[in-house]
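**Student:** Please find one structure pasted underneath; my questions will follow.
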Ligand code: PFF
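Shown next as structure tokens:
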């Protein structure tokens with residue numbers, strides 16, 4: 239009883255939706271602090287290498303699998319090879335786990351919209367402490383997380399309406415313009431040069447296996463790869479769409495927003511004499527400080543920035559929730575509303591645990607980390623990269639090469655000169671590269687035990703694949 243598959247209204251509609259999923263907290267909140275913690279320029283060089291040689295190819299592979307099957311992640315794998323159904327389910331699990339911490343940060347961004355007007359900017363020296371006190375508070379961030387999650391639930395319960403797409407179309411460019419403005423302000427602050435040096439002069443002495451894994455995980459996270467999200471989006475694509483050029487456009491947009499966020503933040507960071515390894519609070523501390531210097535218009539710009547950040551987060555989290563919901567609907571036969579409310583309700587619980595793990599529940603750990611880090615490390619360092627590895631093996635070894643070429647060139651109507659190169663990357667290079675990076679990049683007891691736990695989960699799913 240297959241329904242007729244919806245198609246994207248227009249090329250730009252699809253690009254905006256896919257870019258909306260890709261551009262999110264990963265670019266503006268996560269990328270700068272990861273770069274800060276991992277040596278700046280060296281991290282960025284490695285990251286860009288992964289985006290070009292792995293991210294782009296995986297995105298193209300996901301679009302191709304999605305459009306070819308016309309099904310969301312689980313159904314797509316199942317249709318081609320039942321033994322791989324687990325890979326789709328792993329994607330759903332990843333989406334669920336990312337939603338374990340993403341709405342917490344989305345809630346922070348939402349809170350900061352209001353806080354821009356209520357004293358956040360009045361004392362620049364106190365901004366850092368304020369952030370620490372805010373996220374450790376047992377009540378306030380929970381309320382904002384719940385509000386952020388509620389917006390997701392309303393949108394996804396209604397189906398992806400024109401509303402979120404329209405908001406994205408207006409607010410994504412707004413975010414872009416604001417980031418450019420902040421970047422200009424940032425690089426013209428006295429002492430900004432040190433920040434640009436940090437960003438663009440690689441210091442290889444700090445690079446180790448962990449740097450590579452951080453960069454690889456970030457490439458997957460930022461481009462929304464390794465969990466079937468882009469398979470799902472690809473499934474709505476029309477047969478005349480140019481897949482390679484779409485993958486290129488989305489990857490470029492995503493990467494430019496991340497780099498822009500780096501240029502907006504690091505020069506200001508150095509100008510204010512702060513530490514680059516500031517961790518997850520980076521954007522919530524440095525950006526308000528820049529606005530606090532601006533005087534009268536500061537609060538307005540700050541509010542617009544956090545609105546845009548919240549919307550960027552929202553267009554991503556909606557796609558994450560939709561992956562879980564689409565699975566429950568397609569494979570379990572649930573109604574949309576039931577799927578959304580139930581998964582949303584569980585996400586409220588995981589979100590509460592995550593948020594509290596940064597404050598009152600910090601002593602409560604699993605595999606040596608709190609709930610926030612558990613969800614974060616498990617997805618970003620383990621599930622997404624391994625999900626990408628499995629997809630590459632699947633496409634390279636279990637799909638027909640000619641059929642892939644046929645799909646990617648729209649039956650020969652368009653040229654894709656790099657097909658052989660792409661194929662060799664996906665079939666040989668990417669699986670080996672990911673395996674090496676994952677193996678050598680896991681550091682410390684917590685990450686090692688999480689990796690073992692993650693692999694055990696994947697093994698169990700794989701064994702029961704045909705039953706899923
Ligand atoms: N790409 C999003 C970001 O950078 O914030 C996060 C994300 C969305 C990851 C959707 C994975 C996904 F399927």
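Numbering (our numbering), first residue to last: 239 to 706. Think of the CB as a built atom: it goes at the ideal place given N, C-alpha and C, for glycine as much as any other residue.
(1) What does residue 607 pair with, by DSSP beta-bridge criteria?
(2) Determine the direct distance from the alpha carbon of residue 545 to that of residue 351, and round the result to whole angstroms.
(3) Excluding sequence positions up to five away, which residues of its chain have a Cβ less than 7 Å from the Cβ of residue 660?
(4) Only counting the same chain, and skipping five residues up and downstream in sequence, which positions put a Cβ closer than 6 Å to that of residue 447?
(5) If you draw a straight line from the C-alpha of residue 465 to the C-alpha of residue 410, how long is it?
(6) Candidates 635, 673, 651 and 684: which alpha carbon is nearest residue 713's?
(7) In three-state terms, what does DSSP make of residue 653?
(8) Would you decide whether residue 276 is buried or exposed? Buried here means 16 or more other CB atoms lie within 10 Å of its CB.
(9) Quick one: Cα of residue 690 to Cα of residue 354, how far?
(10) Between the Cα of residue 268 and the Cα atoms of 302, 637 and 499, which residue gives the shortest distance?
(11) Nearer than 8 Å: is that true of the beta carbon of residue 265 relative to any heavy atom of ligand 1?
(12) Tell me the DSSP secondary structure of residue 449 in three-state form.
(13) Using only the heavy atoms of ligand 1, determine whether one of them is closer than 8 Å to the beta carbon of residue 561.
(14) Between residue 663 and the rest of its own chain, which residues show a CB-CB distance below 6 Å, the 5 nearest in sequence each way excluded?
(15) Take the Cβ of residue 702 as the centre, count every other Cβ of all protein chains shown within 10 Å, and call the residue buried at 16 or more, exposed below.
(16) Starting from the C-beta of residue 348, find all residues in its chain whose C-beta is less than 8 Å away, skip the five residues before and the five after it, and write them out in chain order.
(17) Rounded to whole angstroms, what's the CA-CA distance from residue 312 to residue 658? Just pull it up for me.
(18) Does DSSP put residue 635 in a helix, in a strand, or in coil?
(19) Excluding the 5 residues preceding and the 5 following residue 619 in the sequence, name in chain order all residues of the same chain whose CB lies nearer than 7 Å to its CB.
(20) If you measure from the CB of residue 465, is any heavy atom of ligand 1 nearer than 8 Å?
(21) What I want to know is whether the C-beta of residue 262 ends up closer than 8 Å to one or more non-hydrogen atoms of ligand 1.
(22) Comparing C-alpha positions only, which one of 647, 649, 541 and 623 sits nearest to residue 676?
(23) If we ignore side chains and look at the alpha-carbon of each, how far apart do residue 594 and residue 651 end up?
(24) Between residue 515 and the rest of its own chain, which residues show a CB-CB distance below 7 Å, the 5 nearest in sequence each way excluded?
(25) Looking only at its own chain, which residues have a Cβ that is under 8 Å from the Cβ of residue 265, when we skip the five neighbours before and after it?
(26) Given 8 Å as the limit, tell me if residue 253 has its C-beta closer than that to any heavy atom belonging to ligand 1.
(27) Check whether the segment 422–437 touches the segment 561–576, counting contact only when three or more Cβ pairs, one atom from each stretch, lie closer than 8 Å.
(28) Please tell me whether residue 396 and residue 254 are closer than 9 Å, where the distance is taken between their beta carbons.
(29) Report the three-state DSSP secondary structure of residue 439 (helix, strand or coil).
(30) Reducing DSSP to helix, strand and coil, say where residue 706 ends up.
(31) Just to confirm my understanding: we take residue 360, look at its own chain, exclude 5 residues before and 5 after, and list those with CB closer than 6 Å. What are they?
(32) Does any C-beta atom of chain D lie closer than 9 Å to the C-beta of residue 650?
(33) Going by DSSP in three states, residue 513 sits in which element: helix, strand or coil?
(34) Out of 470, 621, 308 and 666, which one is the CA nearest neighbour of residue 328?
(35) For the segment 256–343, list the alpha helix (DSSP H) runs that are entirely contained and at least 4 residues long, ordered along the chain.
**Tutor:** Walking through what the data contain:
(1) Translated into positions along the chain shown, residue 607 becomes position 369. BP columns for residue 607 point to 604.
(2) Locating residue 351 in the chain shown gives position 113, counting from the first residue. Locating residue 545 in the chain shown gives position 307, counting from the first residue. Approximately 6 Å between the Cα atoms of the pair.
(3) Translated into positions along the chain shown, residue 660 becomes position 422. Within the same chain, residue 660 has close Cβ partners 295 and 298.
(4) Position 209 of the chain shown holds residue 447. Contacts found: 678 and 679.
(5) Within the chain shown, numbered from 1, the residue matching residue 465 stands at position 227. Within the chain shown, numbered from 1, the residue matching residue 410 stands at position 172. Approximately 23 Å between the Cα atoms of the pair.
(6) Any answer about residue 713 is impossible in this case: the structure gives the chain only from 239 up to 706.
(7) For this step, residue 653 is matched to residue 415 along the chain shown. Coil.
(8) The residue given as residue 276 occupies position 38 in the chain shown. The residue in question, residue 276, is buried, as its Cβ has 16 or more Cβ neighbours within 10 Å.
(9) Locating residue 690 in the chain shown gives position 452, where the first residue counts as 1. Locating residue 354 in the chain shown gives position 116, where the first residue counts as 1. Each residue's alpha carbon lies about 43 Å from the other.
(10) Translated into positions along the chain shown, residue 268 becomes position 30. Residue 499 is the option with its Cα nearest to residue 268.
(11) Indexing the chain shown from 1 puts residue 265 at position 27. The answer is yes for residue 265.
(12) Taking the chain shown and counting its residues from 1, the one referred to as residue 449 is at position 211. Residue 449: helix per DSSP, three-state reduction.
(13) Counting from 1 along the chain shown, the entry for residue 561 is found at position 323. Yes, the Cβ of residue 561 comes within 8 Å of a heavy atom of ligand 1.
(14) Taking the first residue of the chain shown as position 1, residue 663 is located at position 425. Hits under 6 Å: 295.
(15) Numbered from its first residue, the chain shown carries residue 702 at position 464. When all chains shown are included, residue 702 counts as exposed.
(16) Here residue 348 refers to the residue found at position 110 of the chain shown. Excluding sequence neighbours, residue 348 sits near 382, 385, 386, 544 and 548.
(17) Position 74 of the chain shown, counted from the start, is the residue given in the question as residue 312. Position 420 of the chain shown, counted from the start, is the residue given in the question as residue 658. Whole-angstrom Cα-Cα distance: 27 Å.
(18) The residue labelled residue 635 in the question sits at position 397 within the chain shown. DSSP places residue 635 in helix when its eight states are reduced to three.
(19) Residue mapping note: residue 619 aligns to position 381 of the chain shown, counting from 1. So the qualifying residues of the chain are 451, 455 and 685.
(20) The residue you call residue 465 lines up with position 227 of the chain shown. Yes, the beta carbon of residue 465 sits closer than 8 Å to at least one heavy atom of ligand 1.
(21) Translated into positions along the chain shown, residue 262 becomes position 24. The answer is yes for residue 262.
(22) Locating residue 676 in the chain shown gives position 438, where the first residue counts as 1. Nearest C-alpha to residue 676: 623.
(23) Taking the chain shown and counting its residues from 1, one reaches residue 594 at position 356. Taking the chain shown and counting its residues from 1, one reaches residue 651 at position 413. Near 54 Å, if we compare the C-alpha coordinates of residue 651 and residue 594.
(24) One-based indexing of the chain shown puts residue 515 at position 277. Result list for residue 515: 274 and 275, in chain order.
(25) Residue mapping note: residue 265 aligns to position 27 of the chain shown, counting from 1. Result list for residue 265: 460, 492, 495, 496, 499 and 550, in chain order.
(26) Taking the chain shown and counting its residues from 1, the one referred to as residue 253 is at position 15. False, no ligand heavy atom lies under 8 Å from that Cβ.
(27) no
(28) As a working mapping, residue 396 is identified with position 158 in the chain shown. As a working mapping, residue 254 is identified with position 16 in the chain shown. No; because the gap between Cβ atoms is not below 9 Å, this pair is not in contact.
(29) Here residue 439 corresponds to residue number 201 of the chain shown, with the count starting at 1. Coil at residue 439, not helix or strand.
(30) Taking the first residue of the chain shown as position 1, residue 706 is located at position 468. Here residue 706 sits in coil by DSSP.
(31) Translated into positions along the chain shown, residue 360 becomes position 122. Closer than 6 Å at Cβ, skipping near neighbours: no residue.
(32) Considering every chain present, this structure includes no chain D. It has just one protein chain.
(33) Your numbering for residue 513 matches position 275 in the chain shown. Of the three classes helix, strand and coil, the one that applies to residue 513 here is coil, per DSSP.
(34) Translated into the one-based positions of the chain shown, residue 328 becomes position 90. Per the Cα distances, 621.
(35) 269–275, 279–288, 294–307 and 311–318
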